[in-house]
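The structure appears below as structure tokens.
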Amino acid sequence: MKRRVTKAIFPVAGLGTRFLPATKSVPKEIMTLVDRPLIQYAIDEARAAGIKEFIFVTSRGKGALEDYFDTAPELENALRKKGKSALLKELKNTNMESGAIAYIRQHRALGLGHAVWCARRLIANEPFAVILTDDVIAAETSCLQQMTEAYAETGGCMVAAMEVPQDKVSSYGVLDIKDDMGAMVSVAGMVEKPDKDKAPSNLAVIGRYILTPHVLQNLSRIKQGSGGEIQLTDAIAEEIKCGRDVFGFRFRGQRFDCGSKAGFLQATVAFGLARDDLRDEFSTYLTEMVALQKAAQ
Ligand code: UTP
Numbered sequence: 208m209k210r211r212v213t214k215a216i217f218p219v220a221g222l223g224t225r226f227l228p229a230t231k232s233v234p235k236e237i238m239t240l241v242d243r244p245l246i247q248y249a250i251d252e253a254r255a256a257g258i259k260e261f262i263f264v265t266s267r268g269k270g271a272l273e274d275y276f277d278t279a280p281e282l283e284n285a286l287r288k289k290g291k292s293a294l295l296k297e298l299k300n301t302n303m304e305s306g307a308i309a310y311i312r313q314h315r316a317l318g319l320g321h322a323v324w325c326a327r328r329l330i331a332n333e334p335f336a337v338i339l340t341d342d343v344i345a346a347e348t349s350c351l352q353q354m355t356e357a358y359a360e361t362g363g364c365m366v367a368a369m370e371v372p373q374d375k376v377s378s379y380g381v382l383d384i385k386d387d388m389g390a391m392v393s394v395a396g397m398v399e400k401p402d403k404d405k406a407p408s409n410l411a412v413i414g415r416y417i418l419t420p421h422v423l424q425n426l427s428r429i430k431q432g433s434g435g436e437i438q439l440t441d442a443i444a445e446e447i448k449c450g451r452d453v454f455g456f457r458f459r460g461q462r463f464d465c466g467s468k469a470g471f472l473q474a475t476v477a478f479g480l481a482r483d484d485l486r487d488e489f490s491t492y493l494t495e496m497v498a499l500q501k502a503a504q
């Protein structure tokens, strides 16, 4: 039986404190990589993976995010009159079919696990994806598509995973590997933000998940974990304790942590250099900047 995933949750209710003061009035997900907000990269990835229903878990002050997916008739008319068809096409890409998008409020930022749990009634009894917009992944085949294809064969729960340096493990959920099958690993346990000398491996969980409705039931029971938040990792780890399969998936692609300043800047350089219309001018500028820096040292 082929298992399909058509619903995705986008938890966007975090406070985004690492980008203050910008995030005082601009949702982090609207911050722009080259000329597109982070959320657009996440939506494109989900669409490429066959997602049809997009569920946003939002909070106070995220109005700009909801507006972003609306039609903009005045803007569209102005572009049409000026014959700017390429820009019109870009705009169309931001529109969502009526009924394809839903917004749920998380009234208090009690953690990622709690944010996912807030969407439980819209998920009902189906497998679903979770996409964290902070993690932008450049890949030939979208990361979530790679995962949905693998999931069609395996079922269970699946988390995107990548090796990180040992001194960085305490920033991630980390996998205890039962069986390493190459791209896929079966998971014996998961720990959220372990001390670096207590981490079971350096295979870290990245912000893409395919989960079963059991995880939502686990979340209903879970108390606040690491950092006083309700951790999604704990609810997935609960699946293993119940004897159900959890897999880590080593995706093909480059992940940028756009939730951190350094990661955001790195992504800006990488995505800028990947653009045909910017590459020459931008790379000349970067080369000059590096030479100036070296000369100044
Ligand atoms: P982060 O750990 O990056 O937290 O959340 P944050 O609030 O966004 O940012 P900082 O650390 O304060 O700078 C990871 C993802 O989980 C969502 C965030 O929106 C982000 O997509 N999240 C987190 C929620 O939706 N609700 C929460 O209570 C916590």
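Everything in the sequence shown is counted per this note's numbering, starting at 208 for the first residue and increasing by one. Ideal Cβ placement from N, Cα and C applies to all residues, glycine included. Everything numeric in this text was worked out from a predicted model, so none of it was measured.
Given that a residue counts as buried once 16 or more other Cβ atoms are within 10 Å of its Cβ, and exposed if not, what is residue i?
{"i": "V392", "result": "buried"}
{"i": "C350", "result": "buried"}
{"i": "C449", "result": "exposed"}
{"i": "Q438", "result": "buried"}
{"i": "G320", "result": "buried"}
{"i": "T491", "result": "exposed"}
{"i": "E399", "result": "buried"}
{"i": "V212", "result": "buried"}
{"i": "M388", "result": "exposed"}
{"i": "M496", "result": "exposed"}
{"i": "N425", "result": "buried"}
{"i": "S305", "result": "exposed"}
{"i": "S292", "result": "exposed"}
Run through DSSP, which three-state label would residue i get?
{"i": "S393", "result": "strand"}
{"i": "I311", "result": "strand"}
{"i": "Q461", "result": "strand"}
{"i": "I447", "result": "helix"}
{"i": "K214", "result": "strand"}
{"i": "V219", "result": "coil"}
{"i": "A411", "result": "strand"}
{"i": "L272", "result": "helix"}
{"i": "E399", "result": "strand"}
{"i": "K289", "result": "coil"}
{"i": "M208", "result": "Bear in mind that the predicted position of M208 carries a pLDDT of just 49, short of 50, making it too unreliable to give a figure here."}
{"i": "E236", "result": "helix"}
{"i": "L418", "result": "strand"}
{"i": "K231", "result": "helix"}
{"i": "L485", "result": "coil"}
{"i": "K405", "result": "coil"}
{"i": "V497", "result": "helix"}
{"i": "I384", "result": "strand"}
In chain order, what are the residue ranges of uninterrupted alpha helix (DSSP H) at least 4 long that sit wholly in the stretch 329 to 373? Taken in chain order, the unbroken stretches of alpha helix (DSSP H) that lie wholly in the stretch 329 to 373 and span 4 residues or more are 350 to 361.
Considering only heavy atoms of the ligand UTP and the C-beta of each residue, which residues fall inside 5 Å, strictly closer? So the residues near the ligand UTP by this Cβ test are P218, V219, A220, G221, L222, G223, T224, R225, A316, G318, L319, A322, L339, G466.
Count Cβ pairs between the stretch 212 to 226 and the stretch 255 to 268 that sit closer than 8 Å; are there 3 or more? yes
Examine the Cβ distances between the stretch 368 to 384 and the stretch 400 to 414 and report whether three or more of them are shorter than 8 Å. yes
contact_flag[the stretch 338 to 349, the stretch 460 to 472] where n(CB pairs < 8 Å) is 3 or more: The stretch 338 to 349 vs the stretch 460 to 472: in contact.
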